[in-house]
Amino acid sequence: MNVIGRTPIIETRRLALREPLSADAQRLTELIDYDIAKMTTRMPWPYSPEDADAFVVQVQMQDRRRDNTFAITLEGEGLIGVLGFFLTPEGRTEVGYWIGRPYWGRGLASEALMGALSWASRDWRKRLVVAGHFADNPASGRVLCKAGFLYTGIVDAKPSRARGEPADTRMMVWLA
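For the record, in the sequence shown the residue sitting at position 18 is 17 according to numbering that gives the first Met the number 0, with numbers rising by one throughout.
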């Protein structure tokens, strides 16, 4: 593991996960479309250059003991998505991620998530991570299952900024 500032660099077979930088803002706005934004809780739609700039600033100010956000990069392509761990109001570590549409179906989300969970367990000492996916996004459920998450049987109504309304969310848990 390498470190730039306070954020680790996680390397997998095809990817590097690193701190999002100001230079990534334009790429974020290029990759994010409504189909990505509507599958997240926090991402607005439309997604503007100002939203991207604000996201990068927010991430750079994170308390790394609680939250860690990574730009998912692919050699020769640059940034292809984002993965982040954050502390929930209940005090649990939750993970969320997205991958740009041109990179769907190649196993990159699974690879990024497995690399991040390995780091979270080994270096960040996390033993339990929660996640959820909107019920109308079964592909995300498959990614989580491949990484070792199990369904809890709980379905919560989670907000979706892009949709402007809550969406049924199938909750999952991962144990190190």
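Glycine is no exception: its CB is placed at the ideal position from the N, C-alpha and C atoms. Because the structure is a prediction, the values reported are computed rather than measured.
Inter-segment contact for the segment 29–46 and the segment 143–159 is present: three or more beta-carbon pairs are separated by less than 8 Å. Look at L16 here: in three-state DSSP terms it is strand. For D155, the enclosing beta strand (DSSP E) stretches over residues L149 to S159. For A53, the enclosing alpha helix (DSSP H) has its first and last residue at P48 to Q59. According to DSSP, G77 shares a beta bridge with L73. Within the segment 86–162, the complete beta strand (DSSP E) segments at least 3 residues long are 92–98, 127–133 and 149–159, listed from N- to C-terminus. In the three-state DSSP reduction, D23 falls in the helix class (H, G or I). I31 sits in coil when the DSSP states are folded into three classes, being neither helix nor strand. Counting along the chain, the unbroken beta strand (DSSP E) around T168 starts and ends at E164 to L174.
Approximately 7 Å separates the beta-carbon atoms of I9 and F69; this is inside 8 Å, confirming the contact. Relative to the Cα of T6, the nearest Cα in the group D50, S109, R26 and Q61 belongs to Q61. By the criterion of a C-beta distance shorter than 7 Å, Y33 is surrounded in its chain by W44 and A161, once the five residues flanking it on both sides are discounted. When the Cα atoms are used, Y46 and Q59 turn out to be separated by approximately 19 Å. V154 places its beta carbon 8 Å or farther from that of R141. Shortest Cα-Cα distance from R63 to any of A24, A175 and D122 involves D122. Between A111 and Y96 a beta carbon distance of about 7 Å is seen, short of the 8 Å cut, so the two are scored as contacting.
Cβ-Cβ distances below 6 Å link V129 to R91, E93 and V172 in the same chain, with the five nearest sequence neighbours on each side left out; the list follows chain order. Checking the DSSP bridge columns, you'll see T40 has no partner listed.
Non-local C-beta neighbours of L107 in its own chain, meaning closer than 6 Å and more than five positions away in sequence, comprise I98, ordered along the chain.
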